[in-house]
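Counted from 1, the sequence shown has number 203 at position 203 by full-length UniProt numbering; the numbering is strictly sequential.
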Amino acid sequence: MTSAQATLSEVEGQTPKPRWRQYFSFSTDHKVIGIQYLVTSFVFYLIGGALAELVRTELATPASDFVSRELYNQLFTMHATVMIFLWIIPSLTGGFGNYLVPLMIGARDMAFPRLNAIAFWIIPPAGLLLMASFFVGSANSGWTSYPPLSLMSNKAGEAIWIGGVILLGTSSIMAALNFMTTILKMRIPSMPMNKMPLFCWAMVATSALQLIATPVLTGAVVLLGFDLLVGTAFFNPTGGGDPVVYQHMFWFYSHPAVYIMILPAFGLISEVIPTHARKPIFGYQAIAYSSLAISFLGLIVWAHHMFTSGTPDWLRMFFMIATMVIAVPTGIKVFSWLATIWGGKLRLCSAMLFAMGFVSMFVVGGLSGVMVASVPFDIHVHDTYFIVAHLHYVLFGGSVFGIYAGLYHWFPKMTGRMLNEFWGRVHFVLTFVGFNMTFLPMHILGLQGMNRRVAEYDPQFATINLICTIGSYILAVSTLPFVINAIYSWIKGPQAPRNPWQSLTLEWMTSSPPPHENFEIDPVLTHGPYDYGMNVLSVPSPPSQEPETAPVT
Numbered sequence: 001m002t003s004a005q006a007t008l009s010e011v012e013g014q015t016p017k018p019r020w021r022q023y024f025s026f027s028t029d030h031k032v033i034g035i036q037y038l039v040t041s042f043v044f045y046l047i048g049g050a051l052a053e054l055v056r057t058e059l060a061t062p063a064s065d066f067v068s069r070e071l072y073n074q075l076f077t078m079h080a081t082v083m084i085f086l087w088i089i090p091s092l093t094g095g096f097g098n099y100l101v102p103l104m105i106g107a108r109d110m111a112f113p114r115l116n117a118i119a120f121w122i123i124p125p126a127g128l129l130l131m132a133s134f135f136v137g138s139a140n141s142g143w144t145s146y147p148p149l150s151l152m153s154n155k156a157g158e159a160i161w162i163g164g165v166i167l168l169g170t171s172s173i174m175a176a177l178n179f180m181t182t183i184l185k186m187r188i189p190s191m192p193m194n195k196m197p198l199f200c201w202a203m204v205a206t207s208a209l210q211l212i213a214t215p216v217l218t219g220a221v222v223l224l225g226f227d228l229l230v231g232t233a234f235f236n237p238t239g240g241g242d243p244v245v246y247q248h249m250f251w252f253y254s255h256p257a258v259y260i261m262i263l264p265a266f267g268l269i270s271e272v273i274p275t276h277a278r279k280p281i282f283g284y285q286a287i288a289y290s291s292l293a294i295s296f297l298g299l300i301v302w303a304h305h306m307f308t309s310g311t312p313d314w315l316r317m318f319f320m321i322a323t324m325v326i327a328v329p330t331g332i333k334v335f336s337w338l339a340t341i342w343g344g345k346l347r348l349c350s351a352m353l354f355a356m357g358f359v360s361m362f363v364v365g366g367l368s369g370v371m372v373a374s375v376p377f378d379i380h381v382h383d384t385y386f387i388v389a390h391l392h393y394v395l396f397g398g399s400v401f402g403i404y405a406g407l408y409h410w411f412p413k414m415t416g417r418m419l420n421e422f423w424g425r426v427h428f429v430l431t432f433v434g435f436n437m438t439f440l441p442m443h444i445l446g447l448q449g450m451n452r453r454v455a456e457y458d459p460q461f462a463t464i465n466l467i468c469t470i471g472s473y474i475l476a477v478s479t480l481p482f483v484i485n486a487i488y489s490w491i492k493g494p495q496a497p498r499n500p501w502q503s504l505t506l507e508w509m510t511s512s513p514p515p516h517e518n519f520e521i522d523p524v525l526t527h528g529p530y531d532y533g534m535n536v537l538s539v540p541s542p543p544s545q546e547p548e549t550a551p552v553t
């Protein structure tokens, strides 16, 4: 675009349309980077989902008759690794965090734009490296990579796994440093901390966890790599090492990682629900401070994953109580969301449906989480399908439902186009049905004693496993309406107004999509982010930016 054309666009109040090539470039624009994160992580979500379908197809029958036992171990190892490190964490923190945080606080960009771009461009090669490991025999000892098993498995695949995790951890630390600095130092002067959108509070809590816990995981896998490749004995018991030390280091990160994956989703839901309920958020300060409480408590509960690892009884008691206590700040959020919904003028669009689905599914995962926090019960169901069910109700029923709610809510802002609501509702119904059909019966399997991470099982479990496999196929199909809807709407969908949801946070006070530096003039905060029903109107869009097409609701 020439300078004359750029000037003309500014005079007319129009935002130049982003070119698709910029999403394949080394851009320092936080909005481009956010979309790069979202699209890239969604591609890995499809890959991780395909791996899961292979696992479930094998489990449709008791015998190992679809893939070999060795390949089965590789599939579930890479499935978990991809879903955690390449889908949920990058999409929530990198994708939504990058796109929304500067807009929500009135900043022009992130504090360190080049560091931001580097953090993203570490992810694609790390992901491709992990996928390439299948050509040499990928890691097959689970995403936990416990020694001594991981030291006796495929050395090349395990080494590639370690390298990929180190790269992804480095990206995560860079992003966390950037978010913390941006939120604490770059808010507009009229926005004190207690007027920030709750998503920003969630990102502060998440960034603190990433900065504290991720280096410990990086150190653990580096030492594991030395044991594997050099022959040291940090964790190798044959040389005097202690594999339980690895478990402590691994879970010091990997339990907080659950909150790294769920806290940003909490923040997204806290934005979606009041907007579509047309009510002020109930308990703003309680929700904000509970995010910080979860961040702190999340650092002192890691050993509840090790109740069967010879943990002393007095230490078991401490971690059991700490794990149960963390349910309190989580419960505060759930009750605040329900109080916000209660009596609201609900707009049951796709974003709101996924947000309400999030609340219901996460409650199920939270309740089973309190159950496994109890030492006697955890010992009974440890390494069974009850844990698989609990994990997926938290991370799919929680994080993934939250991602979908955020995508439907902010898609108009990111692309300037509206998604089709009919297909959005179809997507929700198929996802809700397929998810529950897949994972709800796994609670029964776990209580009956079926172990996870095995390709063959007792025939008495065959019927329930077949139901779970059919549900997984429905869940896979549910992705198609969203993919088609998103691609078609991005190209030919109805143009979105500046603020189709009549939201009050700052990102909706600029054009859709926003200009390069977000705001033509520095915004001034005149109302709270959730002052719905308080005679507060959002800033109207100039006529040239407000298309005649109304949003589909």
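Glycine residues also receive a C-beta, built at the ideal position from the N, C-alpha and C atoms. Since we're looking at a predicted model, the values are computed, not measured.
| query | result |
| --- | --- |
| T308 burial status per 10 Å Cβ neighbour count (16 or more: buried) | exposed |
| Buried or exposed (CB count within 10 angstroms, at least 16 for buried), E12 | Note that E12 has pLDDT 36, beneath the 50 cutoff, so the model's placement of it is unreliable and no number is given. |
| Which of helix, strand or coil DSSP assigns to Q495 | strand |
| Backbone secondary structure at N178 - three-state DSSP | helix |
| Neighbourhood of G493 by C-beta distance below 6 Å, restricted to the same chain and skipping five residues each side | R417 and M418 |
| Under 9 Å between C-beta atoms of A205 and L263 | yes |
| Separation of L506 from M534, as counted between CA atoms | 17 Å |
| At least 3 beta-carbon pairs within less than 8 Å: the region 149–164 vs the region 133–140 | yes |
| Reduced DSSP secondary structure (H/G/I, E/B, other) of R453 | coil |
| Among S336, V400, S512 and I47, nearest to L198 - alpha-carbon criterion | S336 |
| Cβ-Cβ distance between R452 and V388 below 9 Å | yes |
| Cutoff 8 Å; reference F358; Cβ partners in own chain excluding five residues on either side | A265, I269, G397, G398, F401, G402 and A405 |
| Residue range of the unbroken alpha helix (DSSP H) whose run includes G533 | Run containing G533: none; DSSP gives neither H nor E here. |
| Beta-carbon gap between L209 and G106 smaller than 9 Å | no |
| Close Cβ partners of P514 (< 8 Å) along its chain, the five nearest in sequence each way excluded | T15, K31, L103, K413 and E507 |
| Exposure label - I521; buried when at least 16 CB within 10 Å | exposed |
| Rounded C-alpha distance that separates D242 from M249 | 12 Å |
| For N436, the first and last residue of its enclosing alpha helix (DSSP H) | E421 to Q448 |
| Near the ligand ADP: I273 beta-carbon under 8 Å from a heavy atom | Here there are no bound small molecules, and the ligand ADP is not part of this structure. |
| Coil, strand or helix - T77 by DSSP | helix |
| Exposure label - T526; buried when at least 16 CB within 10 Å | exposed |
| For S133 and W87, believed in contact at Cβ under 8 Å, the rounded distance | Rounded, the Cβ-Cβ distance is 17 Å, inconsistent with contact. |
| Identity of the residue in F85, E70, A126 and K195 nearest G528 by Cα | K195 |
| The region 223–235 touching the region 274–281, judged by at least three CB pairs closer than 8 Å | no |
| Proximity winner among S172, T238 and A233, relative to S207 (alpha-carbon distances) | S172 |
| Complete runs of the beta strand (DSSP E) confined to the region 85–169 [at least 3 residues] | none |
| CB contact flag (L353, F428, <9 Å) | yes |
| Beta-carbon separation (whole angstroms), A373 vs H304, contact threshold 8 Å | 6 Å |
| C-beta atoms of I300 and F319 nearer than 9 Å | yes |
| Beta-carbon spacing of F179, M261 below 9 Å | no |
| Segment contact, 8 Å Cβ cut-off, at least three pairs: the region 49–68 with the region 465–479 | yes |
| Cβ-Cβ distance between P215 and G169 below 9 Å | yes |
| Nearest candidate by alpha-carbon position, reference R108, set Y530, E517, L224 and Y532 | E517 |
| Per-residue DSSP class, three states only, for R417 | strand |
| Inter-residue Cα distance where the pair is L224 and H392 | 28 Å |
| Inter-residue Cα distance where the pair is I160 and H382 | 29 Å |
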